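These notes are about the structure you will find just below.
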Amino acid sequence: MNSWPTLYLPPLPGSISFPELLLTTPFGDRRYSGTDAIRMYVCGITPYDATHLGHAATYVAFDVINRYFSAQGRKVDFVENITDIDEPLLERAERDSIDWKDLAADQIALYESDMTALRVLPPLAFVPATKVMDLVSEAISVMHSNGFVYQLEKDFYFDISSFLQGLPIPYDEALEVFGQRGGDPQRSGKRNPLDPILWLANKPGEPGWESVHGFGRPGWHIECCVIALRYLTGPQFLQRASSEFSIDIQGGGSDLIFPHHFMSAAQSSAITGIPFSFSFVNTGMVGLDGEKMSKSKGNLVFVSRLLAQGVDPMVIRFALLNGHYSSDRMWNNDLLLQAEADVAEIRAALSREEVAETLPVLQSIVSAIARDLDTQSALVAVKQWAKATQSGHLGGSAGELSRGLDLLLGLAL
Ligand code: ZN
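Structural data, given as structure tokens:
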């Protein structure tokens with residue numbers, strides 16, 4: 009599927025040095041040395057409620073990672089999926105008496121325009137789950153012959169037993185979370201309550217696809233597993249022909265650590281025989297005014313609504329960067345007002361003919377990002393530069409800093 013338009017990445021002065029990027033993960037710190045291409049997969053939206061600020065914070069964070077590797081001169085193979093067939097999408101379509109395909113198409117278009125406004129670099133492949141049904145079915149057959157699949161009535165389940173030692177949370181907690189996030193731990197007849205569905209037989213009136221596993225649709229985790237492997241490692245992954253079927257970064261919100269990322273990774277290993285990802289990188293949750301932001305509370309803040317109210321997308325991006333990507337954080341209107349004031353001050357400084365030295369600021373931004381995306385410190389450096397410029401310091405180039413802000417932070421100011 010075509011994604012949104014790509015953007016020109018301006019060059020940085022050659023004297024800027026790039027430390028190796030360090031990111032924290034649920035399984036410890038990871039450093040990205042070397043110059044090889046990076047394979048990055050970020051879990052995309054279910055297109056029925058796009059794009060709230062939690063989504064935006066996630067995609068902006070992975071965009072900063074993408075931009076850092078690109079600025080280093082590394083190729084970034086970045087793939088994102090669209091979960092365009094899933095229970096919540098069908099439920100919302102039914103509630104609103106709209107065809108689920110139309111709802112998905114509208115929400116995908118809205119998401120793309122939000123990402124364009126926020127200057128998020130598009131993925132190389134933006135893949136809807138409905139486009140990989142045959143591949144999912146083939147992957148289930150491979151897992152079946154490898155001994156990881158069993159049938160329960162007309163449905164097919166993944167046998168998770170050999171992966172349980174890698175659970176990121178205690179088993180009892182996992183059971184509870186699994187039930188809350190799309191799993192069916194209570195269904196009788198399963199080998200283990202945590203076994204996730206791979207292929208769900210069609211229920212009357214619901215969409216389905218023909219396959220060797222019957223008419224139905226896939227579970228959520230197998231979709232991401234197959235899209236990541238196919239679009240980042242190539243079509244041979246089903247033949248286990250090489251040991252190259254691993255990716256560098258599996259990304260998404262911290263609510264995906266379990267069960268989604270755990271299950272996708274287990275299923276990938278069941279196909280290829282090797283670990284799925286070098287690292288799992290997760291973004292924190294964004295709350296509103298002291299409360300968790302959620303569909304059920306009805307307090308989601310949507311990017312498109314802020315834009316419709318006339319909020320500058322660069323102010324939204326600045327506000328999102330002014331917090332740490334992996335921490336849970338709160339959103340409120342004061343953050344937006346503060347970002348508006350900061351952006352105005354930086355723009356005023358960038359518009360002056362004589363500005364304070366810019367190379368040290370660029371180096372501070374790069375070094376801050378390399379330290380687990382410390383974008384907050386990067387912005388502090390830029391604000392200090394604006395203040396120095398206002399007080400008459402000289403010796404820099406506004407164009408040079410402006411290009412650097414665009415390249416590294418995606419801020420076109
Ligand atoms: Zn996913």
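For what it's worth, the numbering used here labels the leading residue of the sequence shown as 9, then goes sequentially.
Note that the Cβ used here is the ideal one computed from N, Cα and C, for glycine as well.
For clarity, every value in this text was computed on a predicted model and none was experimentally measured.
>> Would you say the beta carbon of Cys232 is closer than 6 Å to some non-hydrogen atom of ligand 1?
In response: Counting from 1 along the sequence shown, the entry for residue 232 is found at position 224. Answer for Cys232: yes, Cβ within range of ligand 1.
>> Considering just the uninterrupted stretch of the beta strand (DSSP E) at Ile46, what are its terminal residues?
In response: As a working note, residue 46 is residue 38 in the sequence shown. The continuous beta strand (DSSP E) containing Ile46 extends over residues Ile46 to Val50.
> How long is the line joining the alpha carbons of Ile377 and Pro34, rounded to whole angstroms?
Replying inline: By one-based count along the sequence shown, residue 377 stands at place 369. By one-based count along the sequence shown, residue 34 stands at place 26. Just so you know, the alpha carbons of Ile377 and Pro34 end up roughly 19 Å apart.
> Which residues mark the beginning and the end of the beta strand (DSSP E) in which Glu120 is found?
Replying inline: Against the sequence shown, residue 120 aligns to sequence position 112. Element bounds for Glu120: not the beta strand (DSSP E) but the alpha helix (DSSP H), Trp108 to Ala125.
>> Out of Asp350, Ala356, Leu345 and Ser405, which one is the CA nearest neighbour of Val369?
In response: The count along the sequence shown starts at 1 and reaches residue 369 at position 361. Ranking Asp350, Ala356, Leu345 and Ser405 by Cα distance to Val369 puts Ser405 first.
>> Quick check on the burial criterion: 16 or more other C-beta atoms within 10 angstroms. Buried or exposed for Glu181?
In response: Here the question's residue 181 lines up with position 173 in the sequence shown. Glu181 comes out exposed.
> Which value, in whole angstroms, describes the spacing of the CA atoms of Val185 and Leu264?
Replying inline: As a first step, residue 185 is located in the sequence shown; it is residue number 177 there, counting from the start. As a first step, residue 264 is located in the sequence shown; it is residue number 256 there, counting from the start. Approximately 11 Å, taken between the alpha carbons.
> Does DSSP put His60 in a helix, in a strand, or in coil?
Replying inline: Numbered from its first residue, the sequence shown carries residue 60 at position 52. The answer is strand: DSSP assigns His60 an E or B state.
> In its own chain, which residues sit with a C-beta less than 8 Å from the C-beta of Met322, not counting the 5 before and 5 after it?
Replying inline: Mapped onto the sequence shown, residue 322 falls at position 314. Taken in chain order, the residues that qualify are Arg127, Val351, Leu419, Ala420 and Leu421.
> Relative to the alpha-carbon of Ala69, which residue among Cys51, Gln80, Pro55 and Asp57 has its alpha-carbon at the smallest distance?
Replying inline: What you label residue 69 is simply residue 61 of the sequence shown in a count that begins at 1. When C-alpha distances from Ala69 are compared across Cys51, Gln80, Pro55 and Asp57, the shortest belongs to Cys51.
> Between which two residues does the alpha helix (DSSP H) harbouring Leu442 extend?
Replying inline: Nothing in the structure corresponds to residue 442, since the chain is present only between 9 and 421.
>> Alpha carbons only, please: which of Pro212, Gly187 and Pro215 is nearest the one belonging to Ile205?
In response: Translated into positions along the sequence shown, residue 205 becomes position 197. Closest by alpha carbon: Gly187.
>> Quick check on the burial criterion: 16 or more other C-beta atoms within 10 angstroms. Buried or exposed for Asp167?
In response: Sequence index remark: in the sequence shown, residue 167 carries index 159 (1-based). With 16 or more other Cβ atoms within 10 Å, it is buried.
> Between Ser153 and Ala278, what straight-line distance do the alpha-carbon atoms span, to the nearest angstrom?
Replying inline: Residue 153 sits at position 145 when you count from the first residue of the sequence shown. Residue 278 sits at position 270 when you count from the first residue of the sequence shown. Each residue's alpha carbon lies about 10 Å from the other.
>> For the segment 34 to 47 against the segment 282 to 290, do three or more pairs of beta-carbon atoms, one drawn from each stretch, fall closer than 8 Å, so that the two count as touching?
In response: yes
> Should Ser145 and Ser219 be called a contact, given that it needs their Cβ atoms to be closer than 7 Å?
Replying inline: For the purposes of this step, residue 145 is taken as the residue at position 137 of the sequence shown. For the purposes of this step, residue 219 is taken as the residue at position 211 of the sequence shown. Going by C-beta atoms, Ser145 is nearer than 7 Å to Ser219.
> Just to confirm, are Val390 and Phe26 a CB contact at a threshold of 7 Å?
Replying inline: Counting from one through the sequence shown, the residue named residue 390 turns up at place 382. Counting from one through the sequence shown, the residue named residue 26 turns up at place 18. No, these two residues do not count as a Cβ contact at 7 Å.
> By DSSP, does Trp393 sit in helix, in strand, or in coil?
Replying inline: Within the sequence shown, residue 393 is the residue found at index 385, counting from 1. In the structure shown, Trp393 sits in a helix (DSSP, three-state: H, G or I).
> Would you say the segment 355 to 363 touches the segment 298 to 318, given that touching needs at least three Cβ pairs under 8 Å?
Replying inline: no
> The beta strand (DSSP E) spanning Phe270 covers which residue range?
Replying inline: The residue given as residue 270 occupies position 262 in the sequence shown. Segment Phe270 to Thr280 is the alpha helix (DSSP H) holding Phe270; no beta strand (DSSP E) there.
> Smallest Cα separation from Phe156: which of Asn200, Phe77, Leu308 and Gln194?
Replying inline: For the purposes of this step, residue 156 is identified with residue 148 of the sequence shown, where counting begins at 1. Minimum Cα distance to Phe156 is reached at Asn200.
> Shortest alpha-carbon distance to Thr138 belongs to which of Trp228, Glu365 and Ser272?
Replying inline: Numbered from its first residue, the sequence shown carries residue 138 at position 130. Cα-wise, what sits closest to Thr138 is Trp228.
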